[in-house]
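Data first, discussion second: the structure below is written as structure tokens.
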Amino acid sequence: MPRVVRVASFVAQSVAIGLALAFVAVLVRPELVGRVSMSTANQTSYAKAVAASAAAVANISAERVYNVPRNAFGRQGVTLRGRYLGSGVVIDREGYVVTNWHVIKDAEQVLVQLADGRIAIPKLVGTDPDTELALLKIDLPDLPEIRLGRSDTLEVGDVVLAIGNSLGLSQTVTMGIVSATGRGELEIAPFEDFIQTDAAINAGNSGGALVNTRGELVGINTAVIGMADDETMPEGLGFAIPVNLVRGVMQQLIANGRVIRGYLGVDEPRDLPADLARTLGIDDGSAVLITGVTGPAEAAGLRRDDVLTHINGERMFTRRQAMNLVASAQPGDRITIRVVRPDGTPFTTEAVLEERPRPP
């Protein structure tokens with residue numbers, strides 16, 4: 225059975241008998257802007273793209289401490305130190321470095337090593353677990369920076385390059401194509417809009433760069449698909465956060481230290497099952513099933529098993545569409561909601577959004 229594997233390498237520095245620690249890693253992808261058509265016909269080298277971008281891709285090392293409790297035989301518990309290896313991208317000369325949240329999560333110490341060998345201890349600007357992104361800041365002179373491209377102009381079949389600290393081998397470059405855009409429902413993060421690529425992505429690539437043939441950043445590598453038995457790793461199934469999404473998150477983290485999103489209080493919404501759509505007479509069969517309510521949703525009179533069809537007059541077809549629309553609003557915004565009750569009765573109400581709570 226397929227599962228998503230985050231791609232940050234883990235190196236155990238303390239060992240206890242009978243204990244094995246594995247490594248995990250993740251990748252993510254950016255958002256949207258305008259497009260200039262690119263022709264890669266007969267192109268045999270992408271050295272210029274690498275030269276324009278690779279210097280801005282850094283190695284990230286995060287040290288974590290694990291307390292292993294006393295075992296069933298009464299033996300003393302132990303404290304282990306482990307180091308996770310990932311990647312990051314210097315996005316401007318001010319020293320801002322984007323990476324994946326899981327790369328630096330719960331770290332006691334983080335080190336950023338640039339392609340030229342310089343090492344810095346970064347300041348944590350902010351994290352956004354909802355998109356699997358984190359922003360660091362380093363204080364070094366003469367920093368390289370990567371040019372930000374536009375992920376909304378990517379097309380399936382475009383050539384892309386993945387650059388990162390693959391398996392601890394810094395500045396590793398692999399090539400592939402955009403296999404798909406707008407991938408969601410991967411259970412990597414609450415808000416997903418991933419670029420899928422067949423460029424090889426390995427442990428340590430998490431937080432690294434996905435660039436186009438001009439060397440512009442189009443995504444942040446975040447995850448690969450693996451198999452549940454850990455024995456089979458399908459090739460060509462990597463995922464990156466689009467740069468347009470990265471750009472918006474980065475701007476909010478710099479301004480606020482966090483990302484501020486609207487929150488309705490609809491718990492675990494689901495895409496409406498086809499049989500229920502037929503029962504309720506929803507012709508196109510697409511809407512959002514509410515499985516629980518709290519906060520603003522409860523105050524607005526919404527109930528469990530209501531079927532959400534419209535927000536502010538816009539037809540809602542999927543849970544992801546509804547979540548993104550609410551999240552794009554601000555706390556205090558008032559929205560109009562239309563639902564169909566389980567007995568088929570229509571119901572319209574208004575809700576005042578709160579700020580979305582941060583994941584635990």
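Residue numbers (the working numbering): 225 to 584.
Backbone N, C-alpha and C fix where the C-beta goes; we use that ideal spot for every residue, glycine too.
query, result
"Residue from Pro-570, Val-563, Gln-554, Gly-431 whose Cα sits closest to the Cα of Val-576", "Gln-554"
"Whole-angstrom distance between Asp-363 and Gly-381, CA atom to CA atom", "38 Å"
"Local Cβ density within 10 Å of Ser-430, reported as buried at 16 or more and exposed below that", "buried"
"Residues of its chain near Ser-390, where Cβ-Cβ distance is below 6 Å and the 5 sequence neighbours each way are ignored", "Thr-396, Asn-426, Gly-428, Asn-429"
"Buried/exposed call for Arg-502, threshold 16 Cβ in 10 Å", "exposed"
"Distance, Pro-346 Cα to Glu-287 Cα", "13 Å"
"Cross-strand partners of Ile-535 (DSSP beta bridge)", "Glu-538, Ile-561"
"Residue of Gln-337, Ala-331, Val-292, Asn-468 minimising C-alpha distance to Leu-304", "Val-292"
"Selected residue, minimal CA-CA separation from Pro-497, among Asn-548, Phe-571, Ser-510, Ala-271", "Ser-510"
"Rounded C-alpha distance that separates Ile-478 from Gly-350", "8 Å"
"Residue range of the unbroken alpha helix (DSSP H) whose run includes Thr-268", "Looking at the DSSP string, Thr-268 is not in any alpha helix (DSSP H), and its letter there is neither H nor E."
"Thr-398 - partner residues in DSSP beta bridges", "Ala-386"
"Closest residue to Arg-544 among Gly-462, Asp-491, Val-302, Val-322 (Cα-Cα distance)", "Asp-491"
"Inter-residue CB distance, Asn-434 and Ile-419 (contact presumed, cutoff 8 Å)", "Residue identity differs from the one stated: residue 434 is Leu in this sequence, not Asn. Right, the Cβ-Cβ distance comes to about 7 Å (below 8 Å), so this counts as a contact."
"Asn-426 in three-state terms, based on DSSP", "coil"
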